[in-house]
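This report concerns only the one structure given below.
Residue numbers (mature numbering (1 follows the signal peptide of the UniProt record, and there is no 0)): -25 to -1, 1 to 211.
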């Protein structure tokens, strides 16, 4: 009887030990599984964070470097258009008017030009049209006080009418020639550089001299003061 009890007790102890061992093994294996699940969940959360929030800033950062070249290209294109427009304007043919005559009576002659209109161009065109020598001793200056034209000693103001005159610009003597030259140059400069619709062309003062000195009108004794605005002489 005692033997049976001992055997029963021994079996009970073995069974209890076996149950405890199984329980310990189950707890040990579940811990790594839980740890792996947590790590996977953390990885998923991190991935979602990167893919949901950072892409916009990353995309903006990727786009920012390309915006500078785009702005530079746009500015370059605008600059090219401005230069192209300026070149087209310079190449555009325009028309100025030469006024030949005296005593307030002038004939008009159109002349084409491109680029900027200058006083020198107008004086040169008058010389070419009429055949008068209008050599200059210095550059034509312009400023707030008006324009100053300095003729050279080789000009027709000194040498007189050319031997062969154009019938359209015929003059009888040196007196008439000098007055015609001065009146024509003055009127041409005034009416090409002051728009009559915006102001009075005669408000632009024109000064004449002969290589820095006063111009003497032949056969009359009159002189043109180089320091006073030219005043045309009208007959009658």
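Here a beta-carbon is modelled for each residue, glycine too, at the ideal position from N, C-alpha and C.
Neighbourhood of residue i by C-beta, 6 angstroms cutoff - its chain only, sequence neighbours within 5 removed
i, result
"residue 144", "105"
"residue 135", "149"
"residue 103", "none"
"residue 27", "Bear in mind that the predicted position of residue 27 carries a pLDDT of just 45, short of 50, making it too unreliable to give a figure here."
"residue 110", "127, 129, 130"
"residue 123", "116, 182"
Straight-line gap, residue i to residue j (C-alpha atoms, nearest Å)
i, j, result
"residue 137", "residue 93", "26 angstroms"
"residue 195", "residue 148", "12 angstroms"
"residue 158", "residue 208", "9 angstroms"
"residue 190", "residue 173", "32 angstroms"
"residue 201", "residue 180", "12 angstroms"
"residue 199", "residue 90", "33 angstroms"
"residue 139", "residue 132", "16 angstroms"
"residue 176", "residue 164", "9 angstroms"
"residue 185", "residue 205", "13 angstroms"
"residue 117", "residue 182", "10 angstroms"
"residue 85", "residue 188", "32 angstroms"
"residue 119", "residue 142", "38 angstroms"
"residue 79", "residue 115", "23 angstroms"
"residue 156", "residue 113", "17 angstroms"
"residue 160", "residue 203", "16 angstroms"
"residue 107", "residue 100", "10 angstroms"
Where residue i falls: helix, strand or coil (DSSP)
i, result
"residue 169", "coil"
"residue 146", "coil"
"residue 193", "coil"
"residue 208", "coil"
"residue 71", "strand"
"residue 94", "helix"
"residue 201", "coil"
"residue 185", "strand"
"residue 24", "Interpretation of residue 24 is limited by its pLDDT of 42, a score under 50 that renders its predicted location unreliable; no figure is taken from the coordinates."
Contacts around residue i, its chain only, beta-carbon distance under 7 angstroms, and the 5 residues preceding and following it disregarded
i, result
"residue 178", "169"
"residue 82", "75, 76"
"residue 88", "69, 71, 96"
"residue 66", "89"
"residue 162", "74, 81"
"residue 121", "179, 180, 181, 182, 204"
Own chain partners of residue i with C-beta closer than 8 angstroms, once the 5 adjacent residues on each side are dropped
i, result
"residue 192", "150, 153, 154, 198, 199"
"residue 242", "Lying outside -25 to 211, the shown extent of the chain, residue 242 is not represented and no answer is given."
Cβ-heavy atom distance, residue i to the ligand MN, below 6 angstroms
i, result
"residue 93", "Because no ligand of any kind appears in the structure shown, any question about the ligand MN cannot be addressed here."
Neighbour flag for residue i against chain C, beta carbons, 7 angstroms
i, result
"residue 179", "Reference to chain C is not applicable here, since this structure consists of a single protein chain."
For the structure I just gave you, are there three or more beta carbon pairs, one from the region 159 to 173 and one from the region 127 to 134, closer than 8 angstroms? With the rule of 3 Cβ pairs closer than 8 angstroms, the region 159 to 173 does not count as touching the region 127 to 134.
Those runs of the alpha helix (DSSP H) which lie wholly inside the region 100 to 147 and span at least 4 residues: 131 to 134
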